[in-house]
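Using the working numbering, read the sequence shown as starting at 137 and increasing by one per residue.
Working notes, structure below.
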Amino acid sequence: MLKLNRIHHIAIICLDYTRSKDFYTRILGLAVTCETYREERKSYKLDLALNGESVVELFSFPGSPVRPSYPEAAGLRHLAFEVDRIDDVCSYLTRQGVYFEPIRMDSLTGKQFTFIADPDGLPIEFYEK
137 MLKLNRIHHI
147 AIICLDYTRS
157 KDFYTRILGL
167 AVTCETYREE
177 RKSYKLDLAL
187 NGESVVELFS
197 FPGSPVRPSY
207 PEAAGLRHLA
217 FEVDRIDDVC
227 SYLTRQGVYF
237 EPIRMDSLTG
247 KQFTFIADPD
257 GLPIEFYEK
């Protein structure tokens with residue numbers, strides 16, 4: 137049997153590196169652990185951590201195509217963060233001027249959750265602990 141330890145990271149390709157870097161660091165509060173510019177690719181790679189653990193690799197590639205990313209599109213569905221209180225998250229997002237979907241209730245767990253979109257429209261979920 138294959139033994140997996142944990143998710144190592146999520147890779148995201150963004151269209152506007154500066155805007156996405158600001159969103160993931162300032163709005164979501166992820167910490168930069170390493171930022172590399174690769175001249176041969178004309179591309180940035182930004183390693184971001186949550187609570188000291190690497191979780192997101194943010195890439196920029198010139199000319200990357202846009203892909204459908206709404207939550208029900210085929211493929212990787214969304215990035216989800218666990219939060220203590222969904223109401224606190226929504227209050228924070230409101231103060232930051234970030235639109236969030238109406239709070240929903242997971243019928244299987246009874247937990248509340250909501251979605252936002254990153255600068256490229258990728259869905260990000262906040263799911264109550």
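Even glycine gets a Cβ: it sits at the ideal position worked out from N, Cα and C.
Note that this is a predicted model, so its numbers are computed, not measured.
### Task
May I ask you to report which of helix, strand or coil DSSP gives Glu237?
In the structure shown, Glu237 sits in coil (DSSP, three-state: anything other than H, G, I, E or B).
### Task
Determine the DSSP secondary structure at Val202, reduced to helix, strand or coil.
In the structure shown, Val202 falls within a coil segment according to DSSP collapsed to helix, strand and coil.
#### Entry: Buried versus exposed call for Cys170 [16 or more other C-beta atoms within 10 Å across all chains shown]
With fewer than 16 other Cβ atoms within 10 Å, it is exposed.
### Query
So Ile149 and Phe195 are in contact, right, with Cβ under 8 Å, and what is the actual spacing, rounded?
For Ile149 against Phe195, the beta-carbon gap comes to about 5 Å, under 8 Å, which counts as contact.
### Message
I need the straight-line Cα distance from Ile222 to Glu176, nearest angstrom please.
### Response
In this structure, the CA atom of Ile222 is about 43 Å from the CA atom of Glu176.
### Query
Tell me, which residues are paired with Ser243 by DSSP?
DSSP lists no bridge partner for Ser243.
### Task
Evaluate the contact criterion for the region 185 to 203 versus the region 152 to 172: three or more CB pairs, one atom per stretch, below 8 Å.
With the cut-off at 8 Å, the region 185 to 203 and the region 152 to 172 touch.
#### Entry: Alpha-carbon spacing of Gly246 relative to Leu229, whole angstroms
Going by the C-alpha atoms only, they are around 22 Å apart.
### Task
Excluding the 5 residues preceding and the 5 following Arg155 in the sequence, name in chain order all residues of the same chain whose CB lies nearer than 6 Å to its CB.
Hits under 6 Å: Pro255.
### Query
Are the beta-carbon atoms of Glu261 and Gln248 separated by less than 8 Å?
It is not a contact, given that the beta carbons lie outside the stated cut-off.
### Query
When you compare only the Cα positions, how much space is there between Ser227 and Leu151?
Cα to Cα, Ser227 sits roughly 28 Å from Leu151.
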